[in-house]
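Reviewing the structure listed below.
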Amino acid sequence: MAEVTETTAASSSEGQKPAVPETKRLWSDEVDDEEVQPSATEEKAVLELNVDALAIDENTKVNKFLDEPEDSRIQAVTTGDTPYTSASTFEDLNLSPELLKGLYVEMKFQKPSKIQAISLPMIMTPPYKDLIAQAHNGSGKTTCFVLGMLSRVDPKQQSPQALCICPTRELSIQNMEVLQKMGKYTGISSECAVPIESRNNDRSRYRPPISAQVVIGTPGTIKRLMSQKKLGVNDMKVLVFDEADHMLAKDGFQDDSLRIMKDIQRFNSHCQVLLFSATFDETVKNFVSKVVKDYNQLFVKKEDLSLESLKQYKVILPDELAKIRVVKDRILELGENIGQIIIFVNTKRSASMLHTSLVELGYEVTTIHGALNLEDRDKIVKEFKDGLTQVLISTDVLARGFDQQQVNLVINYDLPVKYENQSEPHYEVYLHRIGRAGRFGRKGAVFNFIMTDHDLMIMRKIESYFNSPVAEIPSWGSEEGFKVALKEAGLL
DNA sequence: AAAAAAT
C-alpha cells in the first residue's frame, strides 16, 4: 500500500522525493518547528490580570516558559501524483494579501509551525484530497484548518462554502474567534452554529437561511440546520472535523458526523474532508480510513506524543481529604506565580464537591461542566480567558482543544478511565487533558492524584502506554517535594 | 458518564 516516511531533523531539506512509479509519493521534508510566539492574546490577558502573580514576567517569559522547539517526528503518507512542497513561509502558500495580513498583523505569526508547513500545502493544492492529520497538542492545528477554510472560500460567492464541526460549544466559539481574527481583512463572513439559549427553544425554524461563507458549530445544531434546509450544502468545498477521533468514535459523535458527511456528499461529491486531532487510537484510525477515500495522512507515534516541555508527576494520597489538602496547601498556597491552573475531575458531582470544599476554605475557584446553563458556561470561560480567575475546575468538557496560554499546571484530581471498562485508562483523554498546559512548547507541570491501588494501576498503564515515566512526589505531607517538582518543571 | 441536543 502506501509508503511511509518520517520527517526528521536529519532528513533532506527541500522538496519531496522522486515519484514512485504508478503508486504513492513520499513526503520527506525537514521543517523547523520554531513556534511563533503568540504574543497578541498574551499581552491582552496580562493587561487584564488582577492578580499580579498571575502575570507572566515579560522579561523572562521567553526563557522561562518557551522551551526549545521540539524535535517531533510526523509520519506522512500521500497518495496519487500530486507533489507537495513543505511551506517554510506563509508566502509559499499563495494566500491572498488580506489573509497574509491577518496572519502577520492579527495573529502575529512569523512562519508556519511544523504541522502547518506540512499540512497546508496538502490542504490547498488541487485536487484537494481529504486529509487525516495528527499533531501534538498545542502545535497549531487550529491554524491549519482555519487557514485552509479561509483560503478555499471564494469571497465573491455569498453562500456556505466551509463547515467545521467541533465536539463542544466552547471549542466552536474558540475556533470561531480564531477564524474571525485571522480572516479579519478578507471580508469573509462566518457564523457560529451552536445552541444559544438554554434548552428547548427551536427558533431555527423561523430564522433566515445561513448565508455566511464559513460555519463552525456543534453536531446537533448543524444537523438540525441542515435537515431544516437552513444550511445549504450545495457550494460546500471543505468539511472539517476538529477533534476528529472523538467526532468519529462510537461513544463520541459518530452517528451525527456520518450523517452530516453523507448529507453533504449526496449533493456535493467533491467536498474536501479534513480530520484533525492530537489522538487517533487504532479503532478510530481503522474506522476513519473507511470513511474517507483517497486521503493524505499525517501521524505521530504514541510514544512521541507526550510533550517534552511538560513535566508529569504523581502524588500518592491516603484519602479524599488529603486530595483537598494538597490542592490547597501544596499547590494553591505556593501557586501564586505559576500561572493559571485547571483541575480535571471525572464527574459533575466531583466538580461541585471540590468546588464547595475549596470555596469553604476561602479560595476563589470557578467550575465548569455541562449541567450549567449556557450563560454561566460562557461567563466562566470568559473570566478564565481574561485572566480574572486563576483556578478552574472542569470536567472533560474542556479536556480537548481549550487553548489558554497561561495555563501552566494541570491537576488530574481524578484519573481518566474508560466508561466501558473502569480498569482501562482513557489514554486519549489523559493526553488531551495534560495538553491544556504547555501550549506552544511552553513549560508546564501535571500532577496526577493517586488515592487507591486502582489509581496506581491506571497510572502505570498510562506511563507504559506513552513510554514516559511519571516521577513520584515523595511525600504529600511535605511542601518540599512540590517545590522541587515545580522548579524542575520551570514554574517556580 | 463527559458531552451535544432533541424527544
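Counting from 1, position 14 in the first sequence corresponds to residue -2 in the working numbering; the numbering is continuous, with no gaps. Note that the Cβ used here is the ideal one computed from N, Cα and C, for glycine as well. Please read all numbers here as calculations on a predicted model, not as lab measurements.
Same chain, Cβ closer than 8 Å to residue 142, five either side skipped, listed in chain order: 173, 195 and 197
Quick check on the burial criterion: 16 or more other C-beta atoms within 10 angstroms. Buried or exposed for residue 303? exposed
For residue 113, count the other beta carbons within 10 Å of its own beta carbon; 16 or more makes it buried, fewer makes it exposed. Which is it? buried
Within 10 angstroms of its Cβ, does residue 203 collect 16 or more other Cβ (buried), or is it exposed? buried
Taking three-plus beta-carbon pairs below 8 Å as touching, is the segment 383 to 394 in contact with the segment 412 to 425? yes
For residue 217, which residues in the same chain have their Cβ closer than 6 Å to its Cβ, ignoring the five residues on either side in sequence? 248, 251 and 252
For residue 470, I'd like the list of residues in its chain whose CB is within less than 7 Å of its CB, leaving aside the five on either flank, ordered along the chain. 322, 429 and 476
Checking 8 Å against the spacing of the C-beta atoms, do residue 259 and residue 225 come in under that value? yes
Just curious, the alpha helix (DSSP H) that residue 128 is in, first and last residue? If you look at residue 128, you'll find it in the alpha helix (DSSP H) that goes 125 to 136.
Answer yes or no: do residue 144 and residue 231 have a C-beta to C-beta separation smaller than 8 Å? no
Below 8 Å between beta carbons: does that hold for residue 207 and residue 235? no
Residues sharing a beta bridge with residue 150, DSSP: None; residue 150 has no bridge partner.
Does DSSP classify residue 460 as helix, strand or coil? When secondary structure is reduced to three states using DSSP, residue 460 falls in the coil class, being assigned neither helix nor strand.
Residues sharing a beta bridge with residue 260, DSSP: Secondary-structure assignment with DSSP links residue 260 through a beta bridge to 117 and 226.
Taking 8 Å as the cut-off, decide whether the C-beta atoms of residue 454 and residue 432 are in contact. yes
Less than 8 Å separating the beta-carbons of residue 219 and residue 265? no
Under 8 Å between C-beta atoms of residue 375 and residue 316: yes
So residue 301 and residue 435 are supposed to be a Cβ contact under 8 Å. How far apart are they, rounded? Contact annotation, residue 301 with residue 435: C-beta distance approximately 5 Å; criterion of less than 8 Å satisfied.
Three CB pairs or more closer than 8 Å across the segment 131 to 138 and the segment 271 to 285: no
Taking the alpha-carbon of residue 298 as reference, which of 83, 59, 459 and 71 has the nearest alpha-carbon? 459
In chain order, what residues of the same chain lie with their CB nearer than 7 Å to the CB of residue 139, ignoring the 5 residues before and after it? 170, 171 and 172
Can you give, in chain order, each stretch of the beta strand (DSSP E) that sits fully within the segment 401 to 448 and has at least 3 residues? 428 to 434
Could you check how far apart the C-beta atoms of residue 335 and residue 329 are, in whole angstroms? I think they sit under 8 Å. 5 Å
If you measure between the beta carbons of residue 426 and residue 396, is that distance less than 8 Å? No.
When DSSP builds the beta bridges, which residues end up paired with residue 242? None; residue 242 has no bridge partner.
Would you mind reading off the limits of the beta strand (DSSP E) that contains residue 174? For residue 174, the enclosing beta strand (DSSP E) stretches over residues 174 to 177.
Own chain, CB closer than 7 Å to residue 44, minus 5 neighbours either side, in chain order: A caution first: residue 44 carries a pLDDT of 27, below 50, which makes its placement in the model unreliable, though a value can still be read off. Counting only Cβ-Cβ distances below 7 Å, and skipping sequence neighbours, we find nothing.
The beta strand (DSSP E) with residue 328 in it runs from where to where? 324 to 328
So, residue 364 versus residue 339, is the Cβ gap smaller than 8 Å? no
Within 10 angstroms of the Cβ of residue 355, are there 16 or more other Cβ atoms? Answer buried if so, exposed if not. Counting Cβ neighbours within 10 Å, residue 355 comes out exposed, since fewer than 16 surround it.
Backbone secondary structure at residue 392 - three-state DSSP: In the three-state DSSP reduction, residue 392 falls in the strand class (E or B).
Other residues of its chain near residue 168: CB distance less than 6 Å, five sequence neighbours each side excluded: 86 and 90
Within a Cβ cutoff of 6 Å, which residues of the same chain sit near residue 210, ignoring the five residues on either side of it in sequence? 247
For residue 28, which residues of its own chain have a beta-carbon under 8 Å away from its beta-carbon, when the five flanking residues on both sides are left out? Reliability of the predicted coordinates at residue 28 is poor, the pLDDT of 25 falling under 50, and the value obtained from them is presented with this limitation in mind. Here the set comprises nothing.
Would you mind listing the alpha helix (DSSP H) stretches within the segment 280 to 362 that are 4+ residues and don't spill past its ends, in chain order? 304 to 309 and 332 to 344
Taking Cβ positions, are residue 412 and residue 263 nearer each other than 8 Å? yes
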